[in-house]
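Written out below as structure tokens is the structure these notes cover.
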Amino acid sequence: ICASKFEALQKELLHLKHKDAKLLSDNAVLLRSMQVRPVTTCSSDQLTESSVRFYTGLPSLALFALIVHLMQEGTKYLPSTVSLGDAVLMVLAKFRLALLNRDLAFRFNVSEGTVAHIMVNLIPLLATIFSKFIIWPTRPDIARTMPTLVRRHYPRCRIIVDCSECRIQRPLSFTARSQTYSHYKGTNTIKFLIGVTPCGAVSFISKAWAGRVSDKKLTQKSGLLDKLESGDTVLADRGFLIREDIGRVGATLVVPAFTRGKRQLPAQEVETARQMSKIRIHVERAIGRIKVFRILQDRLPITLLRHATNILLICSGITNLKRKLL
């Protein structure tokens, strides 16, 4: 081999050695970067208009940003590795999709203990914020937004009420199992009273009660009667035996007619019942929108039972931020 070719090969070999050393150096930098900033599979920074609806139930990114802004107090409960936006997303995603803490820990690259800590501290704060979106409207507000069908038949209607139940994990103690057992559902449940305005907005949500409680007792203890005014009309299902209680505050209870042994109802009562069913479907639809949150579809874990009322407030408040039913 001639001297010139040998010299050229030496230069090329030296160049390749330098290039290899640079690649090894760059690779080491990338490895250190990955160790310092672990990759997460879920982040509030990655939310889109579509994904924020899927993961949180909120109708827009702007509303999610507003909730995070209102949650500044929650920062003191968070480790430095978790942003406030991620923590809020973590809680709402658990409610919306019923994700396990282990799943959330993996998605957000934190420990299960951190997830549990965030739930315990942020759920009450979120409930305080979302409860502000559950408003008891004034009579003029009710009249202004009242649909024609309701105005025609029940112009004094203030609220449409119903009770609903959510399944829970079987309690360990016999007493708790007995108190929460619902014969209607055939399992252990919590029960709550919900009230909607004639236009379908949630205007009242009670505390969560053990599933064995009667609709009558739940209504009496819920605080709803204190909100009613003389002259108000309350629409309910025939299972609500609270006519006297509502009458004491000067309000009127309207329920579908009972057959009481009759072979059939008079034509007028049949028509009244038909119109009532059209109106009462609004409360059923409102309950359906609340139960879009899978935490209320699956069995509520025992560990979250103490947060049941706050969970109901959060889910109901988010429901009111969506497009109105009517």
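Mapping to full-length UniProt numbering: the sequence shown position 2 is 2, numbers consecutive.
Positions of the beta carbon are idealized from the N, C-alpha and C atoms, including for glycine.
In whole angstroms, what separates the C-alpha of residue i from that of residue j?
i           : j           : result
residue 299 : residue 305 : 10 angstroms
residue 120 : residue 110 : 16 angstroms
residue 278 : residue 291 : 21 angstroms
residue 19  : residue 13  : 10 angstroms
residue 312 : residue 201 : 15 angstroms
residue 235 : residue 43  : 44 angstroms
residue 307 : residue 96  : 15 angstroms
residue 225 : residue 54  : 36 angstroms
residue 215 : residue 79  : 43 angstroms
residue 169 : residue 176 : 11 angstroms
residue 319 : residue 71  : 19 angstroms
residue 63  : residue 48  : 12 angstroms
residue 151 : residue 228 : 18 angstroms
residue 131 : residue 153 : 31 angstroms
residue 242 : residue 104 : 44 angstroms
residue 148 : residue 295 : 35 angstroms
residue 297 : residue 46  : 27 angstroms
residue 77  : residue 248 : 46 angstroms
residue 146 : residue 276 : 15 angstroms
residue 98  : residue 293 : 8 angstroms
Relative to the ligand SAM, is the shortest distance from any of its heavy atoms to the C-beta of residue i smaller than 7 angstroms?
i          : result
residue 21 : Of the ligands one can find in the structure shown there are none, so the ligand SAM has no counterpart to examine.
For the beta strand (DSSP E) that contains residue i, what are its first and last residues?
i           : result
residue 195 : 187-196
residue 199 : Element bounds for residue 199: n/a, residue is neither H nor E.
Are the beta-carbon atoms belonging to residue i and residue j less than 8 angstroms from one another?
i           : j           : result
residue 93  : residue 310 : no
residue 283 : residue 194 : yes
residue 157 : residue 272 : no
residue 82  : residue 114 : yes
residue 254 : residue 240 : no
residue 74  : residue 122 : yes
residue 206 : residue 196 : no
residue 89  : residue 56  : yes
residue 116 : residue 101 : yes
residue 199 : residue 322 : no
Name the two residues that bound the continuous alpha helix (DSSP H) containing residue i.
i           : result
residue 108 : 101-108
residue 161 : Note, residue 161: premise wrong, no alpha helix (DSSP H); beta strand (DSSP E) at 157-167.
residue 242 : Residue 242 -> no alpha helix (DSSP H), and no H or E assigned at all.
residue 307 : Looking at the DSSP string, residue 307 is not in any alpha helix (DSSP H), and its letter there is neither H nor E.
residue 140 : 139-145
residue 216 : 215-222
residue 67  : 61-70
residue 150 : 148-153
residue 292 : Here residue 292 belongs to no alpha helix (DSSP H), and DSSP marks it neither H nor E.
residue 54  : 49-56
Tell me whether residue i sits in a helix, a strand or coil according to DSSP, three-state version.
i           : result
residue 111 : coil
residue 233 : strand
residue 181 : strand
residue 249 : coil
residue 204 : strand
residue 98  : coil
residue 172 : coil
residue 412 : The structure shown does not extend to residue 412, since the chain spans only 1 to 326, so no value can be given for it.
residue 321 : coil
Counting only beta-carbon separations shorter than 8 angstroms, does residue i have a partner in chain C?
i          : result
residue 51 : As a matter of chain content, chain C is missing from the structure shown, which is built from one protein chain.
- Message: Under 8 angstroms, with one C-beta from each stretch per pair, do the segment 162-169 and the segment 126-140 reach the 3-pair mark?
- Response: Judged by Cβ distances under 8 angstroms, the segment 162-169 makes no contact with the segment 126-140, as fewer than three pairs qualify.
- Query: Are at least three pairs of beta-carbons, each pair with one atom in the segment 209-222 and one in the segment 185-193, less than 8 angstroms apart?
  - Reply: They touch, by the three-pair rule.
- Item | the segment 131-142 in contact with the segment 242-260 per 3-pair CB rule at 8 angstroms | Contact fails between the segment 131-142 and the segment 242-260, because fewer than three Cβ pairs, one in each stretch, are under 8 angstroms apart.
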